[in-house]
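A.B. asks: Take the sequence shown: its letters are residues 4 to 187, numbered as in this note's numbering.
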Amino acid sequence: QLNPHFMFNALGSIQYFVNDNDKENANLYLTEFSSLLRNSLYNSEQEMVPLSKELQTMDRYIRLEQLRFKFQYRLHIDENIQTENISIPTLLIQPMIENAIKHGISSLRKKGILLIDVSRGNQNLIINIKDNGKGFDADQSSNGFGIKLVKERISVLNRQGYKIDLSILFDKGSEVRFEFKNWM
4 QLNPHFMFNA
14 LGSIQYFVND
24 NDKENANLYL
34 TEFSSLLRNS
44 LYNSEQEMVP
54 LSKELQTMDR
64 YIRLEQLRFK
74 FQYRLHIDEN
84 IQTENISIPT
94 LLIQPMIENA
104 IKHGISSLRK
114 KGILLIDVSR
124 GNQNLIINIK
134 DNGKGFDADQ
144 SSNGFGIKLV
154 KERISVLNRQ
164 GYKIDLSILF
174 DKGSEVRFEF
184 KNWM
C-alpha cells in the first residue's frame, strides 16, 4: 500500500510551488510526481522489488524534494552489490528518507546534506540514511507516523521469516540503518 504520509507531503510540495507562483517548478514537480506516483503504485502491488527499482524511485522522490529545499544529496552503492539481482520490501526505506528531509535538512536548504549508503556486511545488505539536520527527540521518534508504519511492517516481515533490523541514531543529525540479514 502506498504510504498516505508520503502522498500528503508530496502534495504539500506541489502546493508550495503554486503558492510561491513558481509555475515552471510546479509543472516540473507535477510531471515528475505523476511518474513517481505511477512507479510507487506499481511497486506497492509487489511485496518485493529489485533494489535497483526501489533506489530509482527513491532517487526521483529525493530529486523532487531537492527542487523545493535545495539540499545536497549523495547516493553510494558498494561496487560489489548488483542492485538488479537483490530484492527488498517495497516502500520500506522511503518514510525514513522522507523523515530525513522533512524533519532533518529541509530548514538547512543548501547546507543540508542527505547521504544514502548501500553496502554489504558479510551476507547482510545494509542501507544507511544519514542527514546533518537538527535531528529530533529520540523519545518522540516512535510517535511519528512514518516510523511507526516502518516498524510495524518490519515486524510483519520478520514474522514471515525475513530478518530485518532497524536502528535509529540521533547525534548531529540522524542516521537510520536497515540491516537485511542473510539477504545476499
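No residue lacks a Cβ here, since even glycine has one placed at the ideal position from N, Cα and C. Computed from a prediction, not measured in an experiment: that's the story for all the values here.
On the three-pair Cβ rule with 8 Å, is the stretch 23-39 touching the stretch 76-90?
C.D. replies: The answer is no - the stretch 76-90 does not touch the stretch 23-39, with fewer than three Cβ pairs under 8 Å.
A.B. asks: When you compare only the Cα positions, how much space is there between N88 and Q59?
C.D. replies: A straight-line Cα-Cα distance of about 14 Å links N88 and Q59.
A.B. asks: Quick one, are the C-beta atoms of V121 and I132 less than 7 Å apart?
C.D. replies: no
A.B. asks: Report the three-state DSSP secondary structure of I96 (helix, strand or coil).
C.D. replies: coil
A.B. asks: Assuming L160 is part of the alpha helix (DSSP H), what are its boundary residues?
C.D. replies: 148-162 is the extent of the alpha helix (DSSP H) around L160.
A.B. asks: Under a three-way DSSP split, which group does I167 fall into?
C.D. replies: The answer is strand: DSSP assigns I167 an E or B state.
A.B. asks: Alpha carbon to alpha carbon, how far is F148 from K105?
C.D. replies: 13 Å
A.B. asks: V179 and I167: beta carbons closer than 7 Å?
C.D. replies: Inclusion of V179 and I167 in the CB contact set at 7 Å is not warranted, their separation being larger than that value.
A.B. asks: Could you tell me which of Q126, L152, E27, N102 sits nearest to G136, measuring between CA atoms?
C.D. replies: The option with the nearest alpha carbon to G136 is N102.
A.B. asks: With 16 other CB atoms within 10 Å as the buried threshold, where does R71 fall?
C.D. replies: buried
A.B. asks: Take S90 and list the residues in its own chain whose beta-carbon comes closer than 8 Å to its own, dropping the five residues that flank it on each side.
C.D. replies: M51, V52, P53, L54
A.B. asks: Mind checking which residues open and close the alpha helix (DSSP H) that includes D62?
C.D. replies: 54-72 is the span of the alpha helix (DSSP H), which, as asked, contains D62.
A.B. asks: Return the Cβ separation of F20 and A29 in integer angstroms, given the expectation that the two are a contact with Cβ distance under 8 Å.
C.D. replies: Right, the Cβ-Cβ distance comes to about 4 Å (below 8 Å), so this counts as a contact.
A.B. asks: Note down the Cα distance separating K73 from E27, rounded to an integer number of angstroms.
C.D. replies: Between the C-alpha atoms of K73 and E27 there is a straight-line separation of about 16 Å.
A.B. asks: In or out: V153 buried (at least 16 other Cβ within 10 Å) or exposed?
C.D. replies: buried
A.B. asks: Assign D134 to buried or exposed, taking buried as 16 or more other Cβ atoms, counted over all protein chains shown, within 10 Å of its Cβ.
C.D. replies: buried
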